[in-house]
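1 is the number of the first residue of the sequence shown in UniProt numbering; add one for each residue after it.
Read through the structure below, which is laid out as structure tokens, and then see the notes.
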Amino acid sequence: MIRHYSSLKFKGNLAYPWLIYGACFQCVFCSCNPRLTLKQDNAPLNYNTNYSHTVLFHEEGSKSLFVGGSNIVLHFDVDSYEILENFTLNANLPRCGESSCENVVTVIETFQNCKFVCGTNGEEPQCWELYPRESNHSVVKSVEGTGISPHSSEQNSLSLVADGDLYAAAPLYSDGTLLQFRRKAGKRINVWMHDQWVSEPTFISSFLAKRKNDSLNEKIYVLFREKNSDTSPEADPWISRVARVCKIDEGGSKQFLQNIWTSFLKARLVCGIPKESLYFNRLQDVFVQHAEDWRDSLVYALFSSSWNSTAVCIYSLADLDDIFEKSNYKGFSEAIPNPRPGKCVENSNSLPIPTLKIIKDYPEMKDWIHPIQKDTPFFTSSKNFTKIVVDQIRALDENVYNVLLLATDDGMIFKILQHGSKPFIISETHLCNGCAPIQSMKLDSKKRKLFVGYPGQMSVLELQRCQDYGASCEECVLSRDPYCAWSEKGCTSQTRGGIQNISDGNVTKVCDHKSVGRVRRDAQQSSTAPSRIQHTVATDVPFYLSCPVDSHHASYRWEHGGKSNPCQQTQSEYLLLIPAMTAENYGNYSCVSQERDYIKVVREYELLAKSVFNDAFKLKIQDRQLMVAFVTSAFYLCSL
Numbered sequence: 001m002i003r004h005y006s007s008l009k010f011k012g013n014l015a016y017p018w019l020i021y022g023a024c025f026q027c028v029f030c031s032c033n034p035r036l037t038l039k040q041d042n043a044p045l046n047y048n049t050n051y052s053h054t055v056l057f058h059e060e061g062s063k064s065l066f067v068g069g070s071n072i073v074l075h076f077d078v079d080s081y082e083i084l085e086n087f088t089l090n091a092n093l094p095r096c097g098e099s100s101c102e103n104v105v106t107v108i109e110t111f112q113n114c115k116f117v118c119g120t121n122g123e124e125p126q127c128w129e130l131y132p133r134e135s136n137h138s139v140v141k142s143v144e145g146t147g148i149s150p151h152s153s154e155q156n157s158l159s160l161v162a163d164g165d166l167y168a169a170a171p172l173y174s175d176g177t178l179l180q181f182r183r184k185a186g187k188r189i190n191v192w193m194h195d196q197w198v199s200e201p202t203f204i205s206s207f208l209a210k211r212k213n214d215s216l217n218e219k220i221y222v223l224f225r226e227k228n229s230d231t232s233p234e235a236d237p238w239i240s241r242v243a244r245v246c247k248i249d250e251g252g253s254k255q256f257l258q259n260i261w262t263s264f265l266k267a268r269l270v271c272g273i274p275k276e277s278l279y280f281n282r283l284q285d286v287f288v289q290h291a292e293d294w295r296d297s298l299v300y301a302l303f304s305s306s307w308n309s310t311a312v313c314i315y316s317l318a319d320l321d322d323i324f325e326k327s328n329y330k331g332f333s334e335a336i337p338n339p340r341p342g343k344c345v346e347n348s349n350s351l352p353i354p355t356l357k358i359i360k361d362y363p364e365m366k367d368w369i370h371p372i373q374k375d376t377p378f379f380t381s382s383k384n385f386t387k388i389v390v391d392q393i394r395a396l397d398e399n400v401y402n403v404l405l406l407a408t409d410d411g412m413i414f415k416i417l418q419h420g421s422k423p424f425i426i427s428e429t430h431l432c433n434g435c436a437p438i439q440s441m442k443l444d445s446k447k448r449k450l451f452v453g454y455p456g457q458m459s460v461l462e463l464q465r466c467q468d469y470g471a472s473c474e475e476c477v478l479s480r481d482p483y484c485a486w487s488e489k490g491c492t493s494q495t496r497g498g499i500q501n502i503s504d505g506n507v508t509k510v511c512d513h514k515s516v517g518r519v520r521r522d523a524q525q526s527s528t529a530p531s532r533i534q535h536t537v538a539t540d541v542p543f544y545l546s547c548p549v550d551s552h553h554a555s556y557r558w559e560h561g562g563k564s565n566p567c568q569q570t571q572s573e574y575l576l577l578i579p580a581m582t583a584e585n586y587g588n589y590s591c592v593s594q595e596r597d598y599i600k601v602v603r604e605y606e607l608l609a610k611s612v613f614n615d616a617f618k619l620k621i622q623d624r625q626l627m628v629a630f631v632t633s634a635f636y637l638c639s640l
């Protein structure tokens with residue numbers, strides 16, 4: 001068996017991969033990369049490949065998951081993944097009989113004791129009330145959906161149900177114009193924005209910040225990006241914003257700002273590296289981690305940039321609110337009236353005109369909102385991340401850790417531990433081959449599941465994949481995954497009484513004296529050696545040995561004859577390249593990894609000499625040329 005390396009695919013732009021052999025080095029990955037690369041265990045659930053749009057709705061701890069597609073809402077059981085019900089919602093317009101038109105579901109919310117569903121309805125938005133699990137499977141045609149659902153699934157929209165009211169942002173017209181954030185239904189009257197407050201916005205997220213024993217001052221926050229008024233060549237055409245309105249705001253009087261927000265303020269959201277004047281200006285997604293005290297709540301914001309990079313910045317809701325409470329108003333230099341513009345009052349209809357004029361004409365705050373970590377984003381990457389959620393886990397050390405789950409546009413999920421100011425990338429999971437862009441992502445922290453929606457498909461990612469971390473205490477602890485711990489049963493999600501070290505992953509502190517029945521040699525070296533693989537190889541032929549990558553945070557080396565040999569990295573393995581087999585190349589080889597203090601023999605080989613020359617091992621002309629080039633290059637580079 002000849003293992004030719006001329007057809008190997010090397011990482012990077014290498015015209016002559018064999019030249020690398022002469023550069024004698026250990027193969028080392030940076031900890032800024034995912035430690036493990038995993039594949040999803042289960043295939044995606046395909047419910048209709050013709051769907052162009054998918055929206056998910058799931059409430060924490062519920063057994064139900066609702067999936068909206070084209071002309072239908074599916075009700076799944078999240079434990080069995082069976083479809084319990086399907087609600088057909090075809091567009092119901094006279095012209096639909098003459099030309100095809102779809103009702104693409106864009107909104108699913110729990111509102112007024114039903115599932116409130118809205119869709120494009122052939123570009124004439126409509127909403128319905130759904131009553132799941134009732135005997136008649138009733139679908140009640142409800143309200144006209146303009147301003148709640150967009151006219152097309154390609155248009156921007158968002159929805160929020162908060163304290164009995166329905167809020168939405170969707171264009172009023174089919175051409176996408178008059179896209180605003182409005183209160184559309186519920187116990188309070190409808191209110192909307194002034195036409196001049198935003199410029200070509202894309203609304204990303206909205207949420208209510210609950211205040212214990214202070215409901216009067218509860219605010220709704222809206223995060224969006226809009227066109228930059230700075231038209232200079234070096235300015236990004238888009239900037240990101242946070243806006244704030246009072247929950248109890250019911251608009252102004254008949255004389256001024258009637259049915260228009262009287263508390264609307266906005267501020268610029270900054271994420272970047274100020275000392276290098278590099279900023280990520282295009283908000284992509286937001287996740288809010290609510291705390292019992294609203295001031296301790298954190299806003300995780302995912303940004304992209306004009307140079308095709310993405311970043312995560314983390315903001316304190318208390319810091320964010322301080323800007324609205326204390327900053328001056330951009331462009332306004334006179335004395336600030338009382339009550340201060342943006343203050344919540346019981347009767348917004350009675351606000352004085354001077355206060356309302358500042359809201360109307362100067363709604364932007366002068367100061368910018370900076371993240372907790374001001375000098376640099378928490379996480380940056382050249383990958384195109386599009387979605388973010390954040391889970392919270394209490395570890396065995398009684399500390400609470402945050403785990404970020406970031407989705408790329410091509411179906412990968414990054415699992416990132418937040419510990420202090422530095423991210424630790426636990427893993428990347430490939431959900432499927434050739435996945436369509438991820439359109440929706442919902443976290444169930446109680447069930448430890450992540451639901452991911454694509455056009456016509458859905459994947460469910462189990463967050464407690466502890467079996468992926470190996471069969472030793474050291475490998476389990478090195479994962480630094482707060483969902484997992486080492487016990488007599490192995491690396492398991494049953495963490496009580498187990499072994500963890502989430503803070504720094506130091507295995508010596510915890511595994512040295514607590515591992516179950518383990519024998520060690522050297523510095524925390526694994527005693528579980530793999531079975532040795534034998535190859536019989538003729539002399540004078542090129543040959544390579546391969547070693548799988550267990551951890552991208554480890555360094556790898558080849559050991560042979562008491563010496564360490566260089567290796568070459570491909571996408572998923574490390575190689576030892578032998579240009580031509582000679583007497584000294586035969587014998588035993590070990591691929592050894594070292595991650596921190598843990599040393600492991602990953603793979604072992606024995607190369608045996610072929611005693612009789614066989615025509616099957618004759619080299620082709622191109623292989624002889626390759627061998628000559630390889631040897632010449634190796635000698636040249638190693639002599640430098």
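Note that the Cβ used here is the ideal one computed from N, Cα and C, for glycine as well.
Residue i to residue j span [Cα, whole Å]
i	j	result
residue 430	residue 366	43 Å
residue 643	residue 185	One cannot answer for residue 643 here, as it falls past the ends of the chain, which runs 1 to 640.
residue 211	residue 163	12 Å
residue 486	residue 602	20 Å
residue 121	residue 207	27 Å
residue 293	residue 91	45 Å
residue 538	residue 579	13 Å
residue 480	residue 504	8 Å
residue 226	residue 240	6 Å
residue 189	residue 418	42 Å
residue 461	residue 428	12 Å
residue 583	residue 576	17 Å
residue 58	residue 497	32 Å
residue 443	residue 273	30 Å
residue 371	residue 46	40 Å
Run of the alpha helix (DSSP H) containing residue i, from where it starts to where it stops
i	result
residue 322	317-326
residue 510	507-511
residue 77	Careful: residue 77 lies outside any alpha helix (DSSP H), inside the beta strand (DSSP E) at 72-77.
residue 477	473-478
Bounding residues of the beta strand (DSSP E) (the contiguous stretch that carries residue i)
i	result
residue 220	219-227
residue 114	114-119
residue 573	573-578
residue 106	105-111
residue 370	Premise fails: residue 370 is in no beta strand (DSSP E) and is neither H nor E.
residue 537	532-537
residue 401	400-408
residue 588	587-595
residue 144	139-144
Within 8 Å, strictly: CB atoms of residue i and residue j
i	j	result
residue 341	residue 358	yes
residue 540	residue 387	no
residue 148	residue 127	yes
residue 316	residue 280	no
residue 191	residue 251	yes
residue 437	residue 454	yes
residue 143	residue 458	no
residue 607	residue 589	yes
residue 392	residue 314	no
residue 463	residue 450	yes
Local conformation of residue i per DSSP, three classes
i	result
residue 491	strand
residue 294	helix
residue 333	coil
residue 198	coil
residue 360	helix
residue 570	strand
residue 94	helix
residue 462	strand
residue 457	strand
residue 421	coil
residue 216	helix
residue 177	coil
residue 527	Note on residue 527: pLDDT 47, under 50, position unreliable in the model; the coordinate value appears next. Coil at residue 527, not helix or strand.
Three or more C-beta pairs under 8 Å: does that hold for the segment 336-348 against the segment 258-275? yes
Could you tell me whether the segment 315-331 touches the segment 381-397, where touching means 3 or more Cβ pairs closer than 8 Å? no
Meets three-Cβ-pair contact criterion under 8 Å: the segment 329-336 and the segment 213-221: no
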